[in-house]
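Visitor:
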Amino acid sequence: MEEKVNKDFKQEILDIIRSRNSPKVMREKLEDYHSNDIAQVLPDLQLKERENLYRLLPMDTLAEVMEYADDADQYLEEMDLRKAAWVLERMEPDDAADLLKESDSVKKTAWLELMDDSSRAEIRKLASYDEDLIASRMTTNYVTLTSNLTIKEAMHSLVDQAADHDNISVLYVLDEEGVYYGAIDLKELIIARQDSRLEDIIVTAYPYVYGSERIEDCLETIKDYSEESIPVLSDDNHILGVITAQDVAEVIDDELGEDYAKLGGLTAEEDLNEPLRESIKKRLPWLILLLFLGMGVSSVVSVFEKVVAQLTIVMTFQSLILDMSGNVGTQSLAVTIRVLCDEKLTGKEKLHLIGKEITCGTFNGLILGALSLVAIGVYITVFRHMPLGSAFA
32 MEEKVNKDFK
42 QEILDIIRSR
52 NSPKVMREKL
62 EDYHSNDIAQ
72 VLPDLQLKER
82 ENLYRLLPMD
92 TLAEVMEYAD
102 DADQYLEEMD
112 LRKAAWVLER
122 MEPDDAADLL
132 KESDSVKKTA
142 WLELMDDSSR
152 AEIRKLASYD
162 EDLIASRMTT
172 NYVTLTSNLT
182 IKEAMHSLVD
192 QAADHDNISV
202 LYVLDEEGVY
212 YGAIDLKELI
222 IARQDSRLED
232 IIVTAYPYVY
242 GSERIEDCLE
252 TIKDYSEESI
262 PVLSDDNHIL
272 GVITAQDVAE
282 VIDDELGEDY
292 AKLGGLTAEE
302 DLNEPLRESI
312 KKRLPWLILL
322 LFLGMGVSSV
332 VSVFEKVVAQ
342 LTIVMTFQSL
352 ILDMSGNVGT
362 QSLAVTIRVL
372 CDEKLTGKEK
382 LHLIGKEITC
392 GTFNGLILGA
402 LSLVAIGVYI
412 TVFRHMPLGS
422 AFA
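Here this note's numbering runs 31 ahead of the position in the sequence shown, where the first position is 1.
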């Protein structure tokens, strides 16, 4: 059986960019690579090499590269203002809005001023939503049809819109007043008879969410349906945008990052290039709380002061007690955070979970305590040659 060969696209792209070929030849060779692969080489290039790449790539390709690039705002600042504005216009509006949130305020204002009116308005609209709302993660890249069309008319409308929109696997239908009516799978439209009515293939019960909903409140609903995209509606049922499968994956990744941060005792997830002050602010509150809890646990040792005075060997096992309590706490924390993330849980179910964890911890403590008693007693008797009675006194 032949081994699979993993192509090193990164090195190939670097070799093309650093070659002495003409710009036309380099551009043609770079067309064979995915925009994500090109984005991965940007950190390995010198400033002059990146500037040369910005000139080589077609504007649409450069926009796609910026969508995949980490720290894309820094790369935009390396371009002249006009080119950066053109790139932002060609990016997905939601990606452009996210990028501008991370950019220098002066540069951001200049870029927005140089953009066309429709792109500027669209990006500002997306950037205006609170980060906790699902509308902040939507894209305005979608196709709409009206419910009174025939199949043939709908196909013509789709072809007209497809040039400017990538998300065409699901088509959204509006009534004559522009209110959301339902959705159509592209496959159903293709195989339908041309003289049929569009109404016959519209799914009026297609799932949707409202833009004013919090991400954590509607994430489970979006995941449960597993659709390519789901419409985001205003309070009066007009389409604001759509949430795609890629958007959902990014949201889930962010939510998991937050949960992992909580599990590690952080108030929020940390970034690699985050300032020291921010890292301290995120870690210190939990550490202070754990400090006082640790003092409480340590004070319990004073209850056994007389035992320790007579049998000092017991103190060597203090770390065992502290470690086991930490292990039990970590298990309970992991289970609790994972289950409590389910927004469908009622208050009664959450209380049941807390009671279950207390009961489980109590029984585990009794069992582990009994095992430790036997193990420590055997250790003191066999290895320290002390009387059996004093070991279990």
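Even glycine gets a Cβ: it sits at the ideal position worked out from N, Cα and C. Every value quoted in this text rests on a predicted model; they were computed, and no experiment measured them.
#1: Between the alpha carbons of E336 and I246, how many angstroms are there, rounded?
#2: For Y212, which of L220, S200, V234 and R168 has the nearest alpha-carbon?
#3: Can you tell me the Cα-Cα spacing of M90 and L376, whole angstroms?
#4: Would you mind listing the alpha helix (DSSP H) stretches within the stretch 93-143 that are 4+ residues and don't spill past its ends, in chain order?
#5: Can you tell me whether Y256 is buried or exposed, with buried defined as 16 or more other CB within 10 angstroms of its CB?
#6: Which word fits S167, buried or exposed, when buried means at least 16 other C-beta atoms lie within 10 angstroms of its C-beta?
#7: Note down, in chain order, each residue of its chain lying with its Cβ closer than 8 angstroms to the Cβ of Q42, except the 5 sequence neighbours on either side.
#8: List, from N- to C-terminal side, the alpha helix (DSSP H) runs of 4 residues or more that fit wholly inside the stretch 167-194.
#9: Consult DSSP for V223 and reduce its assignment to one of helix, strand or coil.
#10: Evaluate contact between the stretch 391-409 and the stretch 345-364, counting only Cβ atoms and requiring at least three cross-stretch pairs below 8 angstroms.
#11: Name the one or two DSSP bridge partners that G213 has.
#12: For R51, name the three-state secondary structure that DSSP assigns.
#13: Of all the options R86, Q77, H65 and P74, which has the alpha carbon lying nearest to the alpha carbon of K55?
#14: Just to check my reading of the structure: A158 and K138 have Cβ atoms closer than 8 angstroms, yes? What is that Cβ distance to the nearest angstrom?
#15: Whole angstroms is fine: what's the gap from S50's alpha carbon to D111's?
#16: Just to check my reading of the structure: V273 and L250 have Cβ atoms closer than 8 angstroms, yes? What is that Cβ distance to the nearest angstrom?
#17: Can you give the Cα-Cα distance for H196 and T361, rounded to whole angstroms?
#18: Could you have a look at I427 and say whether DSSP puts it in helix, strand or coil?
#19: Mind checking E34: buried by the 16 CB within 10 Å criterion, or exposed?
#20: Give every residue of the same chain whose Cβ lies closer than 6 angstroms to the Cβ of L176, excluding the five residues on either side of it in the sequence, and list them in chain order.
#21: Let me know if A193 comes out buried or exposed under the rule of 16 or more other beta-carbons within 10 Å of its beta-carbon.
#22: When you compare each of F40, I182, E62 and D125 to L271 by their alpha carbons, which one comes out closest?
#23: Hey, does H383 have any beta-carbon neighbour from chain D nearer than 7 angstroms?
Guide: Looking at the coordinates:
#1: Their backbone Cα atoms lie some 52 angstroms apart in a straight line.
#2: Closest option to Y212, Cα to Cα, is V234.
#3: Going by the C-alpha atoms only, they are around 48 angstroms apart.
#4: If we require 4 residues or more, the alpha helix (DSSP H) runs fully inside the stretch 93-143 come out as 103-108, 112-121 and 124-132.
#5: Y256 should be labelled exposed.
#6: Residue burial annotation: S167 is buried, with at least 16 other C-beta atoms found within 10 angstroms of its C-beta.
#7: Here the set comprises nothing.
#8: The qualifying runs are 182-193.
#9: Inspection of the sequence shows that residue 223 is occupied by Ala rather than by Val. DSSP, read as helix, strand or coil, puts A223 in coil.
#10: The way I'd put it, the stretch 391-409 does touch the stretch 345-364; three or more beta-carbon pairs between them come closer than 8 angstroms.
#11: G213 is bridged to V204.
#12: In the three-state reduction of the DSSP assignment, R51 falls in the coil class.
#13: When R86, Q77, H65 and P74 are compared, the shortest CA-CA separation from K55 is found for R86.
#14: Incorrect: roughly 15 angstroms between the Cβ atoms, too far for contact.
#15: CA-to-CA, the gap between S50 and D111 works out to about 25 angstroms.
#16: Between V273 and L250 the beta-carbon gap is near 15 angstroms, outside 8 angstroms, which marks them as no contact.
#17: When rounded, the distance between both Cα atoms is 47 angstroms.
#18: This structure gives no information on residue 427, because the portion of the chain shown stretches from 32 to 424.
#19: With a pLDDT of 44 at E34, under the threshold of 50, the modelled position of this residue cannot be trusted; read the value that follows with caution. Classification for E34: exposed.
#20: Within the same chain, A185, S188, L202 and V204 come within 6 angstroms of L176 by CB-CB distance, once the 5 residues on both sides are set aside.
#21: Residue environment for A193: exposed (fewer than 16 other C-beta atoms within 10 angstroms of its C-beta).
#22: Nearest Cα to L271 within the set F40, I182, E62 and D125: D125.
#23: Judged by its chain identifiers, the structure shown contains no chain D, having just a single protein chain.
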